[in-house]
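To keep things clear, I will list the structure first and then write my remarks on it.
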Amino acid sequence: MSDSKWDEIFDVVVVGSGGGALASALLAARGGASTLVVEKDEFFGGTTAVSGGDMWIPNNRFVKDRDSREDALKYIRRLSDGRASDPELQEVYVDTAPEMLEYLIETTGYDSEPHIQLDDYYSVIGDRIPGVRHFPRTCAVKPYPAGAELGEELARKIASGPWIPPQEVSFPEQRRGQVGAEELAKRQREIWRAKGGGLIAPLMKGVIDAGGELRASTPAVELVTDGAGAVVGLVVEGPDGTRRIGARRGVVLACGGFDHNAEMVKTFIGYEVKPVTPAPNTGDGHQMAMAVGAKLGSMNTFFGYGVVYEPWDKGRDGKPVPQMMMGLGPGSIIVNQHGNRFMHGGYTYNDFSHPFGYFDQRNPGFTNQPPGWIIFGQDVIDSGIIGSKPGIAMSLTGPDGEEAPDWLKMAGSVRELAEQTGIDPDALEATVERYNTYAEKGEDPDWGDPGQTHVLTGPDTVNRKPITGPTFGAIQQWPGTLGTNGGLRIDKDARVLGYRTPVIDGLYSAGNTAASVLGAIYGGGGSCIGPSVTFGYIAGRHLAGKPSRDIGTVKGSGQ
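Following this line, the structure appears as structure tokens:
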């Protein structure tokens with residue numbers, strides 16, 4: 000669509016309000032560009048706001064005396080194995096991310112500290128991965144007084160979710176156990192935000208202080224191009240109806256992935272995944288950009304996590320919210336619907352969901368089609384794991400004593416459990432018997448490594464516990480996604496690459512709308528948000544230095 004008459008004109012229009020979006024708006028606004036942020040949801044912050052807010056930043060201020068550019072690139076390149084759409088951008092990321100962190104600390108109220116006990120995720124297998132670090136490259140968010148800085152009304156417009164409570168306490172504080180009930184209650188009254196909200200709130204404040212404008216409940220629906228194919232604005236649907244907004248310098252698409260678009264998930268990923276992300280992630284940015292000739296990359300990949308359904312925990316739409324859960328530790332195994340083990344519950348969470356898409360050459364077919372089942376015995380039940388960790392472990396009954404849901408089965412034998420779940424009884428009995436035989440000796444030749452300490456379950460040698468009765472249980476396990484990571488291919492300035500032209504003039508992208516520069520890998524905590532904010536920073540910086548274009552005027556005026 001092309002037009003030269005507008006309802007409004009800005010220098011820069013940013014679609015989305017997550018970390019990448021707000022970083023681009025911050026740089027553009029501080030660089031003197033009139034800047035508008037439009038958000039589809041009624042809340043700001045996107046997926047970043049409901050996340051842990053961590054950023055994986057190699058060679059950052061906390062570790063630069065022990066880290067190096069060269070080792071960071073070795074680590075990324077080994078894990079991505081050449082499969083990232085544009086691997087040359089990995090150098091841009093490693094070189095720019097530390098600079099981005101310093102900029103946020105110096106120009107906003109954002110503050111950071113090293114994450115506690117969160118080394119590179121593949122450090123658990125020793126030094127077999129070149130460039131790995133046995134200390135955190137992950138930067139955690141310090142708590143931020145959102146209520147005091149933004150005002151109560153705007154502070155309460157930052158999205159939150161049930162997945163990583165409490166929202167007011169940072170990860171390091173939680174690990175140190177240093178925030179008591181009284182302090183937590185005080186922070187809740189004053190609307191402090193840590194984790195993802197603690198990153199979003201100061202970015203919002205920075206954009207506003209620089210003269211930028213934020214609008215919620217304003218989804219973008221179409222890009223506007225000129226006769227040469229350059230993006231010169233967009234169409235939005237807001238409280239005031241349909242409006243055409245011009246962008247003299249450009250539009251940034253940083254409006255999330257396509258996790259909640261079932262058709263796109265089926266088309267690109269190929270099997271059902273359960274999103275642990277806000278519902279507005281429906282691929283709007285991807286679709287708008289495809290319509291103007293954007294190139295795509297890594298569309299079959301996503302950031303994974305294991306999830307189960309907790310039907311008593313409802314989202315804003317009233318539907319059950321998936322809860323993050325990956326196995327139950329010692330005395331449990333994960334099997335497919337054929338009764339065979341197909342993963343280890345202790346590996347890094349990004350690796351968890353991908354085995355569900357495996358094609359079995361020996362028994363032709365996708366034998367790990369979701370759901371899988373976590374199988375456990377009396378020891379796990381007695382341990383209190385089930386129902387003891389809000390937001391992670393599952394309750395045996397609902398808040399009013401309702402019966403256990405379909406995703407949880409309990410039985411007096413492994414065979415009976417198999418019959419309840421629809422798993423082949425003979426296969427499940429054989430699988431549990433084999434596991435128990437070796438577990439009693441502290442071994443697991445199928446999925447164990449005596450020298451490995453798993454990210455989520457600790458040393459392999461302490462996780463050998465037989466699955467025994469008198470009661471056996473099974474929990475339905477689904478592949479979850481923390482965000483799709485396929486999207487628009489970009490260059491070193493975060494400009495979107497095109498099929499008709501090398502780059503699409505006036506169109507930029509960051510976050511999960513852009514193809515991940517790391518491909519399908521997740522080398523450490525914050526491997527999604529780190530690149531997102533970095534390339535948002537890059538996009539905003541480039542737009543701040545870009546001259547304005549003549550794109551027409553506002554309707555009824557000479558502007």
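Residue numbers (numbering that gives the first Met the number 0): 0 to 558. For every residue, glycine included, the Cβ atom is placed at its ideal position computed from N, Cα and C.
Have a look at residue i and residue j and give me their C-alpha separation to the nearest angstrom.
i, j, result
"R548", "G255", "27 Å"
"Y102", "K491", "19 Å"
"G450", "E98", "With a pLDDT of 49 at G450, under the threshold of 50, the predicted position of this residue should be treated as unreliable, though the coordinate-derived value follows. Between G450 and E98, the C-alpha separation is close to 37 Å."
"D225", "V231", "7 Å"
"A442", "R463", "It should be noted that the sequence gives Glu, not Ala, for residue 442. Taking the straight line from one Cα to the other gives about 7 Å."
"T366", "E415", "22 Å"
"G539", "A27", "5 Å"
"D425", "A410", "16 Å"
"G44", "G482", "14 Å"
"T420", "P279", "33 Å"
"G228", "F358", "41 Å"
"L78", "D85", "14 Å"
"K562", "G130", "Residue coverage of the chain in this structure runs from 0 to 558, which leaves residue 562 outside it and unanswerable."
"T480", "A253", "18 Å"
"K388", "W162", "Reliability of the predicted coordinates at K388 is poor, the pLDDT of 40 falling under 50, and the value obtained from them is presented with this limitation in mind. Cα-Cα distance, rounded: 11 Å."
"S122", "W372", "28 Å"
"V379", "G179", "29 Å"
"S531", "E428", "46 Å"
"E151", "A145", "8 Å"
"L517", "T241", "37 Å"
"Q322", "W5", "44 Å"
"I75", "Q89", "8 Å"
"V13", "I157", "17 Å"
"G555", "A154", "36 Å"
"Q377", "E439", "16 Å"
"G284", "L183", "38 Å"
"G505", "R494", "8 Å"
"R186", "G551", "48 Å"
"G386", "Y434", "Residue confidence for G386 is low, a pLDDT of 48 falling below 50, so the modelled location carries little weight; the figure read from the coordinates is stated next. So the alpha carbons of these two residues sit roughly 25 Å apart."
"T467", "P444", "19 Å"
"P218", "G535", "19 Å"
"L149", "I244", "26 Å"
So residue i and residue j are in contact, right, with Cβ under 8 Å, and what is the actual spacing, rounded?
i, j, result
"Q476", "I333", "6 Å"
"R68", "V93", "6 Å"
"A209", "L25", "7 Å"
"V615", "S111", "Here the chain has residues from 0 to 558 only, and residue 615 is not among them."
"V307", "W446", "Going by Cβ atoms, the distance from V307 to W446 rounds to 20 Å, so no, they are not a contact pair."
"G356", "G485", "Their Cβ separation, rounded to whole angstroms, is 14 Å, which puts G356 and G485 out of contact at 8 Å."
"G205", "T107", "4 Å"
"S352", "G282", "No, S352 and G282 are not in contact; Cβ-Cβ is about 18 Å, not under 8 Å."
"L487", "I199", "Their Cβ separation, rounded to whole angstroms, is 22 Å, which puts L487 and I199 out of contact at 8 Å."
From the DSSP output, read off the bridge partner residues of residue i.
i, result
"M559", "Outside the shown range of the chain, which is 0 to 558, sits residue 559, and nothing can be said about it."
"E563", "Here the chain has residues from 0 to 558 only, and residue 563 is not among them."
"F375", "S331, G472"
"W5", "V553"
"G240", "G237"
"R340", "V334"
"W629", "In this structure the chain extends from 0 to 558, so residue 629 is not present and cannot be described."
"Y507", "V251, R494"
"V230", "T224"
"K273", "G479"
"E212", "L35"
"A246", "F9"
Does at least one heavy atom of the ligand SAM sit under 7 Å from the Cβ of residue i?
i, result
"V123", "The ligand SAM is absent from the structure shown, which contains no ligands of any kind."
### Task
Count the C-beta pairs between the segment 506 to 513 and the segment 3 to 18 that are closer than 8 Å, then say yes if the count reaches three, no if not.
Verdict: yes, contact present.
### Message
With three or more beta-carbon pairs closer than 8 Å as the criterion, would you say the segment 190 to 199 touches the segment 41 to 53?
### Response
In short, these stretches touch, since the Cβ pair count reaches three.
#### Entry: alpha helix (DSSP H) runs wholly inside the segment 125 to 208, at least 4 long, in chain order
145 to 149, 151 to 154, 170 to 175, 180 to 189, 194 to 208
### Task
Tell me, please, whether the segment 32 to 52 touches the segment 213 to 231 by the rule of three or more beta-carbon pairs shorter than 8 Å.
yes
### Task
For the segment 330 to 346 and the segment 275 to 294, state whether three or more C-beta atom pairs, one from each stretch, are separated by less than 8 Å.
no
### Task
May I have a chain-ordered list of the beta strand (DSSP E) segments no shorter than 3 residues that lie completely inside the segment 460 to 504?
471 to 483, 494 to 496
### Query
Is there contact here, the segment 237 to 249 with the segment 264 to 282, by at least three beta-carbon pairs under 8 Å?
no
### Task
Evaluate the contact criterion for the segment 132 to 139 versus the segment 510 to 530: three or more CB pairs, one atom per stretch, below 8 Å.
yes
#### Entry: Given 8 Å, three or more beta-carbon pairs between the segment 57 to 76 and the segment 165 to 172
no
### Query
Is the segment 314 to 328 in contact with the segment 338 to 358, if contact means three or more CB pairs nearer than 8 Å?
The count of Cβ pairs closer than 8 Å, one atom from the segment 314 to 328 and one from the segment 338 to 358, reaches three, so the stretches are in contact.
### Task
Identify every run of the beta strand (DSSP E) within the segment 283 to 325, keeping only runs that are complete inside it and at least 3 residues long; order them along the chain.
301 to 313, 319 to 323
### Query
What residue ranges within the segment 1 to 46 form continuous alpha helix (DSSP H) runs of no fewer than 4 residues, ordered along the chain?
If we require 4 residues or more, the alpha helix (DSSP H) runs fully inside the segment 1 to 46 come out as 18 to 29.
### Ranges of the alpha helix (DSSP H) found wholly within the segment 82 to 120, counting only runs of at least 4
88 to 106
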